[in-house]
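Residue numbers (the numbering used here): 39 to 925.
Positions of the beta carbon are idealized from the N, C-alpha and C atoms, including for glycine.
Computed from a predicted structure; not experimentally measured.
Let me begin by presenting the structure, written as structure tokens, before commenting on it.
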Amino acid sequence: MTNNIWGKGIYSNIINSYMKAPSSPKIKGTLLAIDENKVKLDVGNGKAMDLVLNKFLNAKVGDTVTIKKSDIVNAKMGSINTTTEEPSAEITQGKYEYILSSLGMPAKEGNIEAAKILDHHGVNVTKENIVSFLAAKEQLSSLSEKLDYDKVIQLKDKDIDFEKESLQKVLQELEGVKVEKKPFSLLRFLGLKKDMTTEEAEKIAHDLYGSKMGKDVTDIIKALDKAGVKITRESIDHVDRLFHKLHNIQGIEDTTIIDSVKNKIEPSIDALYKLKNAITKGAIRLEEKLGEMVSKAYNAYGSAGNMVTEEDLKRLEGDIEARLMEMGVKVTEEIISTAKDVVARGLDLTKENLERIVAIKGSILELNTNLDYEKTAILMAGGIDMEKIHVVHLANMVADIADSQTMDISLGLDKLGILQLIEKLDMMTIALHHKLGLENTLEGLNITQGMMDGEISLEQWLSQLQGLEDSKETAGNIKMEDVTRILENRSAENAIEAEAKAAIYLRANAERLGSLMEEGYSKELIHALIQVDKPLNLSNVQALLMEKRMLDRVAENLTNEKIESILDGGNKVEKLSLNQLERLLTSSSKANEQPSEEKTVQDALKNAAAIEEAVDKAKGLVDTLKQITPERRDSIISLLMKNAMPLTLKEVQKLSFFLNNERQIGHELEAILSIIENNKNEEIAQLAARLRTGIHKMTSDMKEGKPFGERPYEEFSQILRALESKSAHLSGGERSSLQKSGERLLDSLELQVHLNRQDTLLQLPLMMGDQLKNLQMYVMRDKKGSKKIDPKNMSVLLNFDTNNMGNINIYMAVNYSNIVMKIGLNHTEDKELIENYTKDLEKYLEDLGYSLKDLSFRIDEDTHILSMHREIEGNHQSLKKLLDIKI
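Have a look at this one:
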């Protein structure tokens, strides 16, 4: 093999860097029965031992125990499922059935499976642990199914820390969360969805009111439907009432507006309506503060009228005009009339007060002219209480809606065009980009979709892609015949065959795909992968799903303000990758926001800042949760229980990354290096060189079998601390990226500490060529609580990520000089490649004093560091244990 990780003494040297090996011979097994000093142990491979000890054993049925041979007085080997001297329930039952019977638990399938999983992960098989495991499994499964971005936001609103609370607590809170579908669909508003017909609206009106209703009601119903607002009598009446009040205040007197300003009454439609009608009728029928304000204004009206007469105002007219000119206010008959009213009502005559009054009057006029049912429904969908907000702000929102349909972007499409482009992109276009390694930008996808639709030829498509900066290099390596073959897969005959294959794959892999099966386009997604000749595995399915989800989020979060922000930042919308575009759209800066009352309607519709921040934080956790397969879920729960870790979503996510060998020590050190190696500051460049040199040395020592110090991360820690003191030489973006990598590095190290409580986990940065990878080494301990590992009798699990074969997982059962090995790979072709090096592997092990007794493979795209352990435990116990039980 090109990378020799089998170098001299690698296993013993790594282990001896952390702890000393024991020398006492012993027998390990699962306790099946106990009667003072008489015990029955399951020792693997269907075998059981009846032992008489020289002392009582302090343990319970289901515990994994290790017994020194010196403590054994007598021993007899038998089978769990066969008779020895006297037939008994103990012997005629299977191992786990018997354990469950001893624990007073029914031997049903779920309990048996739980006992097996706990046993295979080294967790004591007790009644409490089985119950806890099954409860956690059900909770995690329910959360995976029910948790989504909207519900995470609602949990946040309830001050629930969904990352750190227990699974049970999050699930309990989730049960009380009722999230309606997002009411407002921009696609629908802009005409990409079919509108409700008048006949349909009339039927709904009749059902709600019991009789035929007028045109106003049916128009309101159609507008509510278009905006996605739930159609009820209350919502219809709300719109009708709003327009009644708006029309009522259309002719409101200046004096009424002046009174609202003088008494600091928020000039909303509702307040102005009540103020006008209370004064007009000479009666106060209002409540709370507004009632008091109106009463005060009404009383002021009487007293003001007595204090300032019309004759007084005529005499003051010259002074008022002079005052207006002094303030820089353009003098007109209308403004003079308003100024007289201001003086008459006892309000200070200032430029600011006049501007407020004029703005309120103008907004009332604009709303009566521009506000219609559709715009009203859109604002309702965004949670805007239109009767209660300042009329000036409401008029601005209505104007924003009108403007939103005419904005252009750099692609030459307006906002509607962007959404139409996203709407017409089919899954095969996205899959083809994934297959060819093309960057997914709106510009590139648009060109490819044009080729797929026959609008441009294959040659034109390739030429246009080569003209794009982000696709130039990749497009230059595309072979025309490969794309032609893929396009032929769209023929009617091939399409039917692909659809059948997709259906078969979905049925056969339903359990492994888990929540992905629930995606509305899961069949379309599988179909697209088949059509572009992409291997059907979980990795490819998830990758394509992520691209589709990003497109969906771009469409959902597209607003004028954000497009303007992207353009102002010097970026072109069509040239950003979907990942970049989605990130920009869902994480807009609060620093650039206007005060809440000045927000554009789009931000008001989404409560942008708070919601987007919560979604951005939650989406990684939710996506991770939904990608966890049932088999991985079992491993995660078992590891949490075994190492006494809290059953929280945060810990579940960390263990998921661990099993995927993602975001671990090697990966984050690589990310840190990529940030600092190109820095122009000499001190930072020296730290980068020192970090890379240290990693190279660790890799070299490991391959050569040289021991390294007890704290292999200490050198890295010192470098990172020194780097922190140089942060002034880093840009804001670099500091932010380093902080995120540092947090992920800390998560990985903390997890390593937790997992080292019961087993031994080492994660080491490993150089493969010029790339930094992460090597995981997991050693299962023989006895719970033991801090020692016997290098002559141990289970070793290895995982390292490669450039071309993904994660390679290796399980080794070591018994003295005998080794049983199983290698987990994603693809069959990788197995054939490794088999060519079997002789070399045997030679390496012989040089180290080991004999390779068996080498097998597991081909599964969902393979992880623990995935082969259960198979090995069942198939090779004779090598791992029985060689060690002869007394």
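- Across the structure, K692 and H244 are spaced so that their CA atoms are roughly 55 Å apart.
- Residue state for M115 is assigned as strand, using DSSP reduced to three classes.
- Scanning N408, V367 and I416 for the CA closest to the CA of E393 turns up V367.
- Within the model, the alpha-carbon separation for F695 versus R701 is close to 6 Å.
- Nearest to K462 by C-alpha distance, out of T235, E477, M489 and H472, is M489.
- Here DSSP, grouped into helix, strand and coil, assigns H244 to helix.
- Under the three-state reduction of DSSP, Q801 is assigned to strand.
- Y888 and G862 have their C-alpha atoms spaced approximately 21 Å apart.
- M424 is the residue among M424, D386, I402 and Y311 whose C-alpha sits nearest the C-alpha of H276.
- When the alpha-carbon of E899 is set against those of M363, T522 and P573, the nearest one is in P573.
- The C-beta distance from I65 to K107 rounds to 7 Å, short enough to fall under 8 Å.
- Contact between F754 and L729 is confirmed by a C-beta separation of about 7 Å, below the 8 Å threshold.
- Membership of D892 in any alpha helix (DSSP H) is not indicated; the residue belongs instead to the beta strand (DSSP E) covering S889 to I897.
- CA-CA distance, I524 to L476, rounds to 15 Å.
- G67 sits in a strand when the DSSP states are folded into three classes.
- The region 452-498 is shown to contain whole alpha helix (DSSP H) runs of 4 or more residues at 453-462, 465-474 and 480-490, in chain order.
- In this structure, S179 sits near R671, with a CB-CB distance shorter than 8 Å.
- The shortest C-alpha to C-alpha distance from L544 to any of Q724, L576, V521 and V369 is the one to L576.
- Setting aside the 5 residues that flank it on each side, I358 is surrounded in the same chain by A377, each with a C-beta closer than 6 Å to its C-beta; the list follows chain order.
- Taking the C-beta atoms as reference points, V90 is found nearer than 8 Å to K76.
- If you draw a straight line from the Cα of Q206 to the Cα of N609, it comes to about 45 Å.
- Separation of L787 and I703 (C-alpha to C-alpha, rounded to the nearest whole angstrom) is 7 Å.
- Contact check for I713 and E772: beta-carbon distance about 5 Å, within the 8 Å limit, so the pair qualifies.
- For M683, the closest C-alpha among the options K146, G142 and K202 is that of K202.
- Residue environment for L663: buried (at least 16 other C-beta atoms within 10 angstroms of its C-beta).
- N681 is positioned such that its CB atom lies closer than 8 Å to that of H792.
- For M365, the enclosing alpha helix (DSSP H) covers residues E348 to M365.
- Here DSSP, grouped into helix, strand and coil, assigns V396 to helix.
- Taking all protein chains in view, the Cβ of E884 is surrounded by fewer than 16 other Cβ atoms within 10 Å, so the residue is classified as exposed.
- Looking at the backbone, the Cα of H431 and that of I416 are separated by about 15 Å.
- In the DSSP annotation of this structure, the continuous segment of the beta strand (DSSP E) that includes L836 starts and ends at N831 to D839.
- If you draw a straight line from the Cα of I269 to the Cα of E183, it comes to about 29 Å.
- Here DSSP, grouped into helix, strand and coil, assigns K572 to coil.
- Segment contact: the region 383-403 against the region 287-295, three or more CB-CB distances shorter than 8 Å; contact assigned.
- Judged by DSSP in its simplified three-state form, K202 adopts coil rather than helix or strand.
- Rounded to the nearest whole angstrom, the C-alpha separation of K312 and V429 is 14 Å.
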